[in-house]
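Chains as they are written, first to last, in my numbering: chain A, 1 to 331; chain B, 332 to 662. All C-beta atoms, glycine included, are put in the ideal place defined by N, C-alpha and C. Report on the following structure.
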């Protein structure tokens, strides 16, 4: 395959020289864009949009066209690979399950990931259309298990999975191992279909104690990262509120993490507070310049510290991308 | 005033020798106790309970009697000092305001803290009844402002205050300064009434970026801590998900923070994941022993990393306190 017209995202992850800092935004295909809301309505809802390759590809492309970001991320949801096991899964807008799942028996076998053909078809369409790299993704076992054990995103504390780790580790570990196998299969199919980088979303893994994370999560995450890197793609590990080493190519960090310290350990991505994008274009530009100054060289991908918020004014999203591209890159 | 029958909590904060590790639990006067639920019903709801010195003192004493914890914490809520400014404030169960407040003009003058006589009367009653130290408390300016800007605890992202910091710093800073003055007055009255230690609750301060925290919060927190220490009481600064130096006597940390690293910087309090108390007494005891082992000496107060969850079985709360007292203390 030939070199992409714009590959500065992949070059930054590989610590090769870049002309500008690459930038994209988590959840950049989302409700803040009117064209996204229209496509979602046309599809007949969030899940129908995920399952429709033409429309899923369309919304993936929207922020690339409108904002000029340097990477696209597959439009989907971390719960989508659970559909074969949980046909009643819905989104409202967070995941909503007909029942909680706390056992590996509640999962479908990993091979069922092959049934998610609409995802791989979306990726194939995108590779024909895109002039920037395409990121595939999945949730980590602990983060997906957090929603499974809770039965969705309804309760505030998300304590059910952390309770399970202590009340029944002999059930929690096989559940995590089963999810690991499922996600590895799912991500392998994504890479085969054309995903050029993988991001692992660990929204809840950072909410485990250091001991629980080391015991239940880290070994599996290291296995996953190693297999995915073996497929020839960079792997970004994103966690909320923490910086934990799992052998990844790069780390996505949120705004509570010190970016310069994180960068000292390897390539990083992040970390502007998405709430800043609710302010004004001038304030966004100031904040991006301040954030990027200590890390303005290759090995850094400008991003938010979490997904863009639905009520973000488009002018502020534009200011974010412009400000990232305006940062002077150190050689 | 004579020495308390049980002062190991204060001795640990002062790094004097202790016979056992002191232990208490955030939100230890709470819904997991049937006698608490009865008192709340008798009072006519949460806010009525806060405003009733006899019953507020009674529920403060309940966990001391039932569990044998080594400190009591005033039963109240971080939003109580806002009552003079926001008479329509309610709890359902999180704070609920009739309107959002994003200006210092929305606050009452600090002197209005003197009107909260029911709080000081509760403290006076407790000092007559208690044989362990009494902790007074307040929310930090940033944490209280987070609820004020949101208009309550309804929305999930709590982005309104972080938005304000960037959209209108010229309004955010006076709001924080006004809250600082209010809390200093309120806490001074608590100490005068008999509180023997102060805990500052910063549930949301840890959710600010390092830059925003340093710019908007840290100077005010350092002023507050310095004034309170000047009154002769130890000050514990509790934040969620982070460890930030504000000159406090001790730091309350949650379960995502490395306890040994935190202890290396000074006295600490914490940090068991409250979800562990939803498991079994045996699992709780194992987890406490593992948590305490690296820091089993004076300068460490055993606690949870956040408030005890309402559906905690009492047997697990008992196991927590027993396990803390069973830890062998290094001389």
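Measure from the C-beta of residue i to each C-beta in chain B and report whether the shortest distance is under 8 Å.
{"i": "residue 218 of chain A", "result": "no"}
{"i": "residue 290 of chain A", "result": "yes"}
{"i": "residue 28 of chain A", "result": "no"}
{"i": "residue 283 of chain A", "result": "yes"}
{"i": "residue 76 of chain A", "result": "no"}
{"i": "residue 61 of chain A", "result": "no"}
{"i": "residue 166 of chain A", "result": "yes"}
{"i": "residue 318 of chain A", "result": "no"}
Determine the direct distance from the alpha carbon of residue j to that of residue i, and round the result to whole angstroms.
{"i": "residue 332 of chain B", "j": "residue 459 of chain B", "result": "Because residue 332 of chain B sits at a pLDDT of 49, beneath the cut-off of 50, its placement in the model cannot be relied upon, and the following sentence gives the value as read from the coordinates. If you take the alpha carbons of residue 332 of chain B and residue 459 of chain B, they lie about 11 Å apart."}
{"i": "residue 57 of chain A", "j": "residue 134 of chain A", "result": "11 Å"}
{"i": "residue 145 of chain A", "j": "residue 117 of chain A", "result": "23 Å"}
{"i": "residue 55 of chain A", "j": "residue 557 of chain B", "result": "59 Å"}
{"i": "residue 189 of chain A", "j": "residue 97 of chain A", "result": "25 Å"}
{"i": "residue 510 of chain B", "j": "residue 132 of chain A", "result": "48 Å"}
{"i": "residue 613 of chain B", "j": "residue 165 of chain A", "result": "13 Å"}
{"i": "residue 40 of chain A", "j": "residue 126 of chain A", "result": "18 Å"}
{"i": "residue 490 of chain B", "j": "residue 500 of chain B", "result": "15 Å"}
{"i": "residue 218 of chain A", "j": "residue 306 of chain A", "result": "22 Å"}
{"i": "residue 268 of chain A", "j": "residue 594 of chain B", "result": "29 Å"}
{"i": "residue 625 of chain B", "j": "residue 618 of chain B", "result": "13 Å"}
{"i": "residue 662 of chain B", "j": "residue 654 of chain B", "result": "19 Å"}
{"i": "residue 537 of chain B", "j": "residue 493 of chain B", "result": "12 Å"}
{"i": "residue 339 of chain B", "j": "residue 367 of chain B", "result": "26 Å"}
{"i": "residue 222 of chain A", "j": "residue 247 of chain A", "result": "6 Å"}
{"i": "residue 596 of chain B", "j": "residue 632 of chain B", "result": "14 Å"}
Looking at the structure shown, is residue i part of a helix, part of a strand, or coil, going by DSSP?
{"i": "residue 1 of chain A", "result": "Note that residue 1 of chain A scores a pLDDT of 49, beneath 50, so its modelled location is shaky; the value from the coordinates is reported in the next line. If DSSP states are grouped into helix, strand and coil, residue 1 of chain A belongs with coil."}
{"i": "residue 512 of chain B", "result": "helix"}
{"i": "residue 190 of chain A", "result": "helix"}
{"i": "residue 200 of chain A", "result": "strand"}
{"i": "residue 269 of chain A", "result": "strand"}
{"i": "residue 90 of chain A", "result": "strand"}
{"i": "residue 176 of chain A", "result": "helix"}
{"i": "residue 439 of chain B", "result": "coil"}
{"i": "residue 78 of chain A", "result": "coil"}
{"i": "residue 85 of chain A", "result": "coil"}
{"i": "residue 427 of chain B", "result": "strand"}
{"i": "residue 467 of chain B", "result": "strand"}
{"i": "residue 582 of chain B", "result": "strand"}
On the premise that residue j lies in contact with residue i, defined as a C-beta separation below 8 Å, what is that separation, rounded to the nearest angstrom?
{"i": "residue 587 of chain B", "j": "residue 567 of chain B", "result": "Contact flag wrong, Cβ pair sits at about 18 Å."}
{"i": "residue 474 of chain B", "j": "residue 406 of chain B", "result": "The pair is not a contact, with the Cβ atoms about 19 Å apart (cut-off 8 Å)."}
{"i": "residue 615 of chain B", "j": "residue 651 of chain B", "result": "5 Å"}
{"i": "residue 355 of chain B", "j": "residue 400 of chain B", "result": "4 Å"}
{"i": "residue 343 of chain B", "j": "residue 629 of chain B", "result": "5 Å"}
{"i": "residue 484 of chain B", "j": "residue 425 of chain B", "result": "3 Å"}
For residue i, would you say it is in contact with chain A, using Cβ-to-Cβ distances shorter than 8 Å as the test?
{"i": "residue 572 of chain B", "result": "yes"}
{"i": "residue 554 of chain B", "result": "no"}
{"i": "residue 586 of chain B", "result": "yes"}
{"i": "residue 332 of chain B", "result": "Its pLDDT being 49, under 50, residue 332 of chain B is placed unreliably by the model, and the measurement read from it follows with that caveat. No - not a single Cβ of chain A is within 8 Å of the one on residue 332 of chain B."}
{"i": "residue 530 of chain B", "result": "no"}
{"i": "residue 474 of chain B", "result": "no"}
{"i": "residue 524 of chain B", "result": "no"}
{"i": "residue 379 of chain B", "result": "no"}
{"i": "residue 542 of chain B", "result": "yes"}
{"i": "residue 576 of chain B", "result": "no"}
{"i": "residue 607 of chain B", "result": "yes"}
Using CA atoms only, rank isn't needed, just tell me which of the options is closest to residue i.
{"i": "residue 606 of chain B", "options": "A/107, A/136, A/149", "result": "A/149"}
{"i": "residue 243 of chain A", "options": "A/234, A/229, A/214", "result": "A/214"}
{"i": "residue 634 of chain B", "options": "B/584, B/442, B/643", "result": "B/584"}
{"i": "residue 384 of chain B", "options": "B/619, B/454, B/555, B/358", "result": "B/454"}
{"i": "residue 77 of chain A", "options": "A/67, A/48, A/99, A/219", "result": "A/48"}
{"i": "residue 210 of chain A", "options": "A/223, A/277, A/245, A/177", "result": "A/245"}
{"i": "residue 382 of chain B", "options": "B/621, B/421, B/489, B/508", "result": "B/421"}
{"i": "residue 437 of chain B", "options": "B/505, B/582, B/525", "result": "B/505"}
{"i": "residue 318 of chain A", "options": "A/64, A/44, A/82", "result": "A/64"}
{"i": "residue 471 of chain B", "options": "B/375, B/446, B/507", "result": "B/507"}
{"i": "residue 84 of chain A", "options": "A/113, A/298, A/315, A/290", "result": "A/113"}
{"i": "residue 535 of chain B", "options": "A/230, A/325, A/241, A/232", "result": "A/241"}
{"i": "residue 310 of chain A", "options": "A/31, A/208, A/329", "result": "A/31"}
{"i": "residue 14 of chain A", "options": "A/229, A/119, A/277, A/316", "result": "A/229"}
{"i": "residue 194 of chain A", "options": "A/265, A/119, A/43, A/42", "result": "A/119"}
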